[in-house]
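Note that the protein sequences, when read in sequence, are chains G and W. In this text, residue positions in the first sequence follow full-length UniProt numbering: the first is 1, and each later residue adds one. In this text, residue positions in the second sequence follow full-length UniProt numbering: the first is 1, and each later residue adds one. Every residue gets a Cβ at the ideal spot worked out from N, C-alpha and C, and that includes glycine. To keep things clear, I will list the structure first and then write my remarks on it.
There are 2 protein chains.
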Amino acid sequence: MTFDDALAAMRRLSSGARHAHTGQWVAGALRTRIAEGDLPPGTKLLEEALGSALGVSRNTLREAFGILAAENIVTRVPNRGVFVARPTAEDIAEIYRVRRYLEPAALRWGGADSGAAAAERDAVIARARSARDAGDVAAMADANQDFHKAVVARAGSARFDAMMSEVLAEMRLVFHGMGDDPAFHAPYVEANADIAALLRADRADEAAEGMRAYLDQAESQLLAAVRRERDR
Amino acid sequence: MTFDDALAAMRRLSSGARHAHTGQWVAGALRTRIAEGDLPPGTKLLEEALGSALGVSRNTLREAFGILAAENIVTRVPNRGVFVARPTAEDIAEIYRVRRYLEPAALRWGGADSGAAAAERDAVIARARSARDAGDVAAMADANQDFHKAVVARAGSARFDAMMSEVLAEMRLVFHGMGDDPAFHAPYVEANADIAALLRADRADEAAEGMRAYLDQAESQLLAAVRRERDR
DNA sequence: GCCACGTGAATTGTTCAACAATCTCCGTGT
DNA sequence: ACACGGAGATTGTTGAACAATTCACGTGGC
């Protein structure tokens, strides 16, 4: 049966390509569409339409919805359907609440970091700087997210990594919900560099407190921008 | 249509009782069965059998499995089925990794706590003490979990509360997987009280560091017990 | 004009029956 | 002892069905 196995594997790779992974697959497809900015916040996701578009049954699509709902990327309203999440002010507050504990904790108690980790942070910062100088807002936002992910990675917890990724995915939704102002991300490039410098100098406690102040300021700036957007 | 509505609501409450909630309902039923200790770790959850037992279709049961899998209460092995999770040593390490950041962070940065929060902690500690004196292991474990939940609640984040609940649910699975030693929980009653005292004295930083040491010790003690159990 | 009120269509929640893919178990031959 | 095949059981996925609920819209009363 080995030959048939190989055949089946190839068929799986080329064509439709899945048994026991369809739900994950669909969830992934939707996740990137949403992160990319197609399917903006508030969009209603019709089961029939999406199911036929992706070539999966309504049941399977539903499973994917379950996954995305658990990640807060999508909102399920009973008997009304699922929508691309549109984070509220309270959602933003919760995002920063999470970050304001998670990131400082990872800085404060993450231990002395390996040279590799420090090098990776430096690379991310360099990427952010060149994106800023090139005026590439998307790349700047990406690099910023990568920096904060790297900070949390110091904790070495898969769970925290996942939580941070979810929270940052929600941040993307916030940005997609409003006009993406180029001047918004720029100041944070050097703020990140400052944190990295403190960390490299083994001043973890100061890095942690600096991060808390940083996040406090970022939150109020973002909330102000959102309010401005709402009253426009 | 108000009368028909009321009728429908009553019918819903009395009989089968759900449209748009069945998945949650089933997940909840399974969750308590597992937490209670029926369905011990490693148990295979047959779709056909469980579905008919709970009076739901295989599809709906599957949705419930998805919810529980996201909570790490249940393990999904593709094409093999779902099993009540049997936490490995690495899982235990991850649990304590999470707790070792989350709880100290909540202590350190949770701010001055309200009298209500302090009073609730004291009540929990009193409950733990009387359970210990009465030799009621289950009640002691419950009170201990409540204390640590109260600590994390200082952060005021629904997300952290949920994460802590999940992690503690996994801890229950660990305890169900081994013989529940009465002498195991007892020492932690006073350790909790010490943390609470530091907090009440506004010595948050010491409370945080104390908690880290506490959790370090608890982890190695638990890992040793698990290893002992494995080699039995 | 405008608001309460059905009424019918559209959509979701759930079930059921089927089938393909995969795993498990068990005998067989070597 | 051990690889090799099947037969049966279980999971993964689909499609169609139906009940429950919401939504859109036209009607009538004020």
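Check	Outcome
From the DSSP secondary-structure annotation, give me the bridge partner or partners of Leu45 (chain W).	W:Val82
Could you tell me whether any Cβ in chain G is nearer than 7 Å to the Cβ of Arg159 (chain W)?	yes
Comparing the C-beta of Glu229 (chain W) with each C-beta of chain G, is any distance below 7 Å?	no
Measuring only between beta-carbons, confirm whether Pro78 (chain W) sits less than 7 Å from chain G.	yes
Residues in the same chain with beta-carbon distance under 6 Å from Met1 (chain W), minus the five sequence neighbours each way, listed in chain order, please.	Because Met1 (chain W) carries a pLDDT of 40, less than 50, the predicted location of this residue cannot be relied on, and no value is offered for it.
Using CA coordinates, which residue listed in G:Pro41, G:Glu47, G:Phe65 and G:Glu48 is at the minimum distance from Val84 (chain G)?	G:Pro41
Take Met178 (chain G) and list the residues in its own chain whose beta-carbon comes closer than 7 Å to its own, dropping the five residues that flank it on each side.	Ala225, Val226 and Glu229
Of the residues that make up the region 88-99 of chain W, which ones have a beta carbon closer than 8 Å to any beta carbon in chain G?	Glu94, Arg97 and Val98
Can you grab the Cα-Cα spacing for the pair Phe175 (chain W) / Ala123 (chain G), in whole Å?	44 Å
Just tell me which of W:Arg62, W:Arg33, W:Val137 and W:Asp205 has its CA closest to the CA of Glu48 (chain W).	W:Arg62
Indicate whether at least one CB of chain G lies closer than 7 Å to the CB of Ala155 (chain W).	yes
Checking contacts by CB at 7 Å: is Ala150 (chain G) closer than that to chain W?	no
Do Val152 (chain W) and Ala106 (chain W) come within 7 Å of each other at the CB atom, strictly closer than that value?	yes
Which class does Arg154 (chain W) belong to by DSSP, given the choice of helix, strand or coil?	coil
Whose CA, out of W:Asn72, W:Ala197 and W:Arg108, lies closest to the CA of Ala35 (chain W)?	W:Asn72
Indicate whether Glu120 (chain G) and Ala150 (chain G) have their beta-carbon atoms separated by less than 7 Å.	yes
By the three-class DSSP mapping on this structure, what secondary structure does Thr75 (chain G) have?	strand
Between Tyr101 (chain G) and chain W, is the shortest Cβ-Cβ distance under 7 Å, so that the two count as touching?	yes
Below 7 Å between beta carbons: does that hold for Leu198 (chain W) and Ala207 (chain W)?	yes
Roughly how far, in whole angstroms, is the beta-carbon of Arg76 (chain G) from the beta-carbon of Ala70 (chain G), given that I think they are within contact range, below 8 Å?	About 10 Å separates the two Cβ atoms, so there is no contact after all.
Mind checking Pro78 (chain G): buried by the 16 CB within 10 Å criterion, or exposed?	exposed
Identify each residue in the region 207-226 of chain G for which the Cβ-Cβ distance to at least one residue of chain W is less than 8 Å, and report them in chain order.	Arg212
Excluding the 5 residues flanking Pro87 (chain G) on each side, which residues of the same chain have their C-beta closer than 6 Å to its C-beta?	Glu170, Leu173 and Val174
Return the residue from the list W:Ser52, W:Asp91, W:Gly51 and W:Ala29 that minimises the CA-CA distance to Leu222 (chain W).	W:Asp91
Under 8 Å by Cβ, that's how I've got Leu54 (chain G) and Val82 (chain G) pegged, so tell me the actual separation to the nearest angstrom.	Actually they do not touch by this definition, with Cβ atoms about 14 Å apart.
Answer yes or no: does any C-beta atom of chain G fall closer than 7 Å to that of Ala20 (chain W)?	yes
Output, in chain order, the set of chain W residues within a Cβ distance shorter than 8 Å of Trp109 (chain G).	Arg100, Tyr101, Pro104 and Arg212
Could one say the Cβ of Asn59 (chain G) lies closer than 7 Å to chain W's Cβ atoms, at least one of them?	yes
Using beta carbons (cut-off 7 Å, strictly below), is Ala70 (chain W) in contact with chain G?	yes
Do Thr22 (chain W) and Val56 (chain W) come within 7 Å of each other at the CB atom, strictly closer than that value?	yes
According to DSSP, is Asp38 (chain W) part of a helix, a strand, or is it coil?	coil
What is the DSSP secondary structure of Ser220 (chain W), counted as helix, strand or coil?	helix
Confirm, please, whether the CB-CB distance from Arg33 (chain W) to Leu39 (chain W) is below 7 Å.	yes
Take Ser165 (chain G) as the anchor and find which of G:Ala128, G:Ala155 and G:Gln145 has the nearest alpha-carbon.	G:Gln145
Using only CA atoms, which one of G:Met211, G:Arg129 and G:Asp161 lies nearest to Ala186 (chain G)?	G:Arg129
In the DSSP assignment, the alpha helix (DSSP H) including Gly135 (chain G) goes from what residue to what residue?	Looking at the DSSP string, Gly135 (chain G) is not in any alpha helix (DSSP H), and its letter there is neither H nor E.
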